[in-house]
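In mature numbering (1 follows the signal peptide of the UniProt record, and there is no 0), the protein residues as written are -28 to -1, 1 to 227.
Rendered as structure tokens:
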């Protein structure tokens, strides 16, 4: 299994017949994933993800010992150092929910180590990326799905979104000449074969709001991820639901 390790690597290069030694840095592995654990309803509606090849896989934002993911500086390939098959085996998704007025909203947060626009040493984008999905449920039936797209959300009726069992499908992709966000599957009948290294839709590593190890949630919610923001925090959760909520949903985000 391939892992990223942080170490100084000696590099020998021939320049004008001379052997020149230098060094390069390989990137560190993300923190180890938190133990999975979440309410049954959060797990039931957890989205099934795929990832286009021009972006990162989601990884843990924080480890069991409180180590925060340092993220990746921009440079190199758009998916450089963040699209390793090993990342699919070490991953977390974070959830928080609210129910009232006959509706429930299930918000899922996904952390990515960078959000880079183009290949090369100079690129727009930023270290760290957070993206989110909301599943809107009434009478134990998914009715709408909202996926984060830059500063807003795209929402579709659940009847127009492909599912794997109870898990609505979404794809992390590069949005044209812009940065990365989520989209709905689009090929053929509105579904598409998964492109990730395991070749299956990913439903893994869910951590519910009350299922963090002691002290870890507070450290995660107080962390500074620069231009990326974790929407499950107390100061962002209600506002995020209000932004994403379709008019047909009767849930009160502030109740």
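Positions of the beta carbon are idealized from the N, C-alpha and C atoms, including for glycine.
Every value quoted in this text rests on a predicted model; they were computed, and no experiment measured them.
Checklist entry - If you follow the beta strand (DSSP E) that residue 189 is part of, which residue opens it and which one closes it? => result Run containing residue 189: none in the beta strand (DSSP E); it sits in the alpha helix (DSSP H), 188 to 193.
Next on the checklist: For residue 212, which residues in the same chain have their Cβ closer than 6 Å to its Cβ, ignoring the five residues on either side in sequence?
Outcome noted: 203
Next on the checklist: Just to check my reading of the structure: residue 119 and residue 105 have Cβ atoms closer than 8 Å, yes? What is that Cβ distance to the nearest angstrom?
Outcome noted: Contact annotation, residue 119 with residue 105: C-beta distance approximately 5 Å; criterion of less than 8 Å satisfied.
Next on the checklist: Using C-beta distances below 7 Å, list every residue in its chain close to residue 177, excluding the 5 sequence neighbours before and after it, in chain order.
Outcome noted: 5, 8, 63, 64 and 65
Item to check | Cutoff 7 Å; reference residue 210; Cβ partners in own chain excluding five residues on either side | outcome: 225 and 226
Item to check | Sub-8 Å separation of residue 174 and residue 21 beta-carbons | outcome: yes
Item to check | 3 or more residues per run - each beta strand (DSSP E) lying fully within the region 98 to 174 | outcome: 113 to 121, 124 to 129, 139 to 146 and 152 to 155
Checklist entry - Is the distance from the Cβ of residue 181 to the Cβ of residue 67 below 8 Å? => result yes
Checklist entry - Using the C-alpha atoms, what's the distance from residue 81 back to residue 125? => result 13 Å
Checklist entry - Does the distance from the C-beta atom of residue 233 to that of residue 193 stay below 8 Å? => result Residue coverage of the chain in this structure runs from -28 to 227, which leaves residue 233 outside it and unanswerable.
Checklist entry - Hey, out of 158, 146 and 111, whose CA is closest to residue 24's CA? => result 146
Checklist entry - With a Cβ-Cβ cutoff of 8 Å, do residue 19 and residue 139 count as a contact? => result yes
Next on the checklist: Would residue 44 and residue 103 be called neighbours here (beta carbons separated by less than 8 Å)?
Outcome noted: no
Next on the checklist: Looking at the strands, I want to know which residues DSSP matches up with residue 71.
Outcome noted: 76
Item to check | Closest residue to residue 13 among 53, 55, 28 and 77 (Cα-Cα distance) | outcome: 77
Next on the checklist: Let me make sure I understand the geometry here. Which of 114, 26, 1 and 32 has the alpha-carbon closest to that of residue 179?
Outcome noted: 32
Checklist entry - When the distance is taken between beta carbons, is residue 130 closer than 8 Å to residue 114? => result yes
Item to check | Residues near residue 162 in its chain [Cβ-Cβ closer than 6 Å; skip 5 each side] | outcome: 134
Next on the checklist: Once the 5 residues before and after residue 42 are set aside, which same chain residues still bring their CB inside 7 Å of it?
Outcome noted: The answer is none, since no qualifying residue turns up.
Checklist entry - Rounded to a whole number of angstroms, what is the C-alpha to C-alpha distance between residue 111 and residue 75? => result Take the alpha-carbon of residue 111 and the one of residue 75: they are about 7 Å apart.
Next on the checklist: Just checking residue 4 against the ligand PLP - is the residue's beta carbon closer than 7 Å to any of the ligand's heavy atoms?
Outcome noted: Questions concerning the ligand PLP fall outside what the structure shown contains, since it holds no ligand whatsoever.
Checklist entry - What distance in whole Å lies between the Cβ atoms of residue 30 and residue 83, which are believed to be in contact at a cut-off of 8 Å? => result 6 Å
Checklist entry - In whole angstroms, what separates the C-alpha of residue 17 from that of residue 71? => result 14 Å
Checklist entry - So is residue 165 buried or exposed if we call it buried at 16+ other beta carbons inside 10 Å? => result exposed
Item to check | Own chain residues within Cβ distance below 8 Å of residue 26, not counting five before or after | outcome: Residues 50, 51, 145 and 146 of the same chain have their beta carbon placed closer than 8 Å to that of residue 26, with the five preceding and five following residues left out of the count.
Item to check | Span of the alpha helix (DSSP H) around residue 213 | outcome: Segment 209 to 216, the alpha helix (DSSP H) holding residue 213.
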